[in-house]
Amino acid sequence: MTPTLSPSMDIQVSSNFERLLFDLLDRDGAAVASTIGAFRTGGRLPLDEDRWQRATALFDGASLDDEGTIREMRAVYERTGRQIDPHTAVGLAAVRECRAGDGPVVVLATAHPAKFPDAVERATGRRPPLPPHLADLHEREERCVTMAKDTARLTDYVLANARAARG
């Protein structure tokens, strides 16, 4: 695997993969565990033809290299004045490549452009600003709490601090 400007797209086995298998395997947890185990050890997904067809009917695939991602980000910026993140750029390009039919399509931005400042600046010539509620992020005091491995203490801490944050 070669790292790209879209690190979430670089993931070989996503966290949603097990959920998909759970549905394909008729919500049988033991079958999912067995299938995942076989996949991890053998590198192949042991699905019967029916389940494989059901899975492939759900998805279309597309890819974009880093230069294509930058081109898409730049095109959106030039057309709309909006900066987008690399993942959203890949999604927009994939819609054009895979789209069937004339119906409307909604593409949801998947991250804030400021999470990928170098890529956004490369595409648009402008470094994306942090959102207003994070504008002072780099000046904020860093906080770290160390505690014993104790679920009850952790729960109490989270509840107390969540209440404090709400006021």
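In this note's numbering, the protein residues as written are 59 to 225.
Note that the Cβ used here is the ideal one computed from N, Cα and C, for glycine as well.
Quick one: what's got a C-beta closer than 7 Å to R180's C-beta in the same chain, skipping five residues either side? In the sequence shown, counting from the first residue as 1, residue 180 sits at position 122. Take R180, set aside five residues on each side of it, and the residues of its chain with a beta-carbon closer than 7 Å to its own are I128, in chain order.
Applying the criterion that 16 or more other CB atoms from any shown protein chain within 10 Å of the CB defines a buried residue, is V178 buried or exposed? Taking the sequence shown and counting its residues from 1, the one referred to as residue 178 is at position 120. With 16 or more other Cβ atoms within 10 Å, it is buried.
What does the alpha-carbon distance come out to for the pair G159 and G101? For the purposes of this step, residue 159 is taken as the residue at position 101 of the sequence shown. For the purposes of this step, residue 101 is taken as the residue at position 43 of the sequence shown. For G159 and G101, the distance between alpha carbons rounds to 35 Å.
Taking just the CA atoms, how far does L150 sit from P186? Locating residue 186 in the sequence shown gives position 128, counting from the first residue. Locating residue 150 in the sequence shown gives position 92, counting from the first residue. Straight-line Cα distance between these residues: approximately 19 Å.
Is it the case that the Cβ atoms of A113 and L83 are separated by a distance below 8 Å? The residue given as residue 113 occupies position 55 in the sequence shown. The residue given as residue 83 occupies position 25 in the sequence shown. At the C-beta level, A113 and L83 stay beyond 8 Å of one another.
Mind the definition here: the segment 202–217 touches the segment 159–172 only if three or more C-beta pairs lie below 8 Å; say whether that holds. Taking 8 Å as the limit for Cβ pairs, the verdict is that the segment 159–172 does not touch the segment 202–217.
My assumption, with CB atoms under 8 Å, is that D143 sits in contact with A169. Please give the rounded CB distance. Looking up residue 143 in the sequence shown gives position 85. Looking up residue 169 in the sequence shown gives position 111. So it is a contact: roughly 4 Å between Cβ atoms.
Would you mind giving the Cβ-Cβ distance between T182 and M131, rounded to the nearest angstrom? I have them listed as a contact below 8 Å. For the purposes of this step, residue 182 is identified with residue 124 of the sequence shown, where counting begins at 1. For the purposes of this step, residue 131 is identified with residue 73 of the sequence shown, where counting begins at 1. Contact between T182 and M131 holds: their C-beta atoms lie close to 7 Å from each other, under 8 Å.
Classification of A147 by the beta-carbon crowding that lies within 10 angstroms, buried from 16 upward: Reading the sequence shown from its first residue, position 89 is the one you call residue 147. Counting Cβ neighbours within 10 Å, A147 comes out buried, since at least 16 surround it.
Rounded to whole angstroms, what's the CA-CA distance from R157 to S66? Just pull it up for me. Numbered from its first residue, the sequence shown carries residue 157 at position 99. Numbered from its first residue, the sequence shown carries residue 66 at position 8. Going by the C-alpha atoms only, they are around 22 Å apart.
Buried/exposed call for T93, threshold 16 Cβ in 10 Å: Position 35 of the sequence shown holds residue 93. By the neighbour-count rule (16 or more Cβ atoms within 10 Å), T93 is buried.
Which residues in the same chain as V90 place their Cβ atom closer than 8 Å to its Cβ, once the five residues preceding and following it in sequence are excluded? Along the sequence shown, one-based indexing puts residue 90 at 32. Same-chain partners within the cutoff: E76, L79, F80, L83.
Where the alpha helix (DSSP H) through A133 begins and ends: Taking the sequence shown and counting its residues from 1, one reaches residue 133 at position 75. 124–138 is the extent of the alpha helix (DSSP H) around A133.
Here's a check: name, in chain order, each residue in its chain whose Cβ is nearer than 8 Å to the Cβ of A133, leaving out the five neighbours to either side. Working through the sequence shown from its first residue, we reach residue 133 at position 75. Answer for A133: no residue qualifies.
Taking 8 Å as the cut-off, decide whether the C-beta atoms of A172 and P190 are in contact. Against the sequence shown, residue 172 aligns to sequence position 114. Against the sequence shown, residue 190 aligns to sequence position 132. With contacts defined by Cβ atoms closer than 8 Å, A172 and P190 do not form a contacting pair.
Can you have a look at F174 and say buried or exposed, based on whether 16 or more other CB atoms are within 10 angstroms of its CB? Taking the first residue of the sequence shown as 1, we reach residue 174 at position 116. So F174 ends up on the buried side.
Complete alpha helix (DSSP H) runs within the segment 164–200 (minimum length 4 residues, chain order): The DSSP assignment places complete alpha helix (DSSP H) segments of no fewer than 4 residues inside the segment 164–200 at 175–182, in order along the chain.
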